[in-house]
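Visitor: Numbering follows the working numbering, with no gaps: position 17 of the sequence shown is 280. No residue lacks a Cβ here, since even glycine has one placed at the ideal position from N, Cα and C.
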Amino acid sequence: VMALAVASAADTYRVTLFQPSVVAGKELKPGEYKVTVTDNKAVISQGKQSVESAVKVEDTENKFNSTSVRYTNADGKYKVQEIRLGNTKTKLVFPTDGQAGL
Numbered sequence: 264v265m266a267l268a269v270a271s272a273a274d275t276y277r278v279t280l281f282q283p284s285v286v287a288g289k290e291l292k293p294g295e296y297k298v299t300v301t302d303n304k305a306v307i308s309q310g311k312q313s314v315e316s317a318v319k320v321e322d323t324e325n326k327f328n329s330t331s332v333r334y335t336n337a338d339g340k341y342k343v344q345e346i347r348l349g350n351t352k353t354k355l356v357f358p359t360d361g362q363a364g365l
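(1) Quick check on Q376: does DSSP put it in helix, strand or coil?
(2) Drop a sphere of 10 angstroms on the beta-carbon of A337, count the other beta-carbons inside from all chains shown, and report buried for 16 or more, exposed for fewer.
(3) Expressed to the nearest angstrom, what Euclidean distance is found between the alpha-carbon atoms of Y334 and E345?
(4) Do K297 and Q309 count as a contact pair if the criterion is CB distance below 9 Å?
(5) Starting from K326, trace the beta strand (DSSP E) both ways and give me its first and last residue.
(6) In terms of residue numbering, what span does the beta strand (DSSP E) encompassing A317 cover?
(7) Use the C-beta contact count for R277: other C-beta atoms within 10 angstroms, 16 or more gives buried, fewer gives exposed.
(8) What does DSSP give as the partner residue(s) for N336 in the beta ladder?
(9) How about Y341 and V306: do their beta carbons lie closer than 9 Å?
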């Protein structure tokens, strides 16, 4: 039983990007993605395409009604700043200094 708990330490979520979005310097096309969080890393993947980034997992006081993505706009591109996970109190905060990633 203990091994099962360790094996499932990664949390997986689904998120839909409605516009081209930049994570860790890589542009992702609009679509549905799987987000896997392990320790302080997030892997955002769709099919064979994936990008890895440092991430900070934060808990908030209130539950989010739906999953939403917050952006910063730099150089005309939308960089993912945070993902607020629907039906949870969890948000994933991505670095904005451009130094995180692969």
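Guide: According to the structure shown:
(1) Residue 376 lies beyond the stretch modelled for the chain, which goes from 264 to 365, so this question has no answer here.
(2) exposed
(3) Spanning the two alpha carbons is a distance of roughly 7 Å.
(4) yes
(5) No beta strand (DSSP E) contains K326, which DSSP labels as neither H nor E.
(6) 312-317
(7) So R277 counts as exposed.
(8) Y341
(9) no
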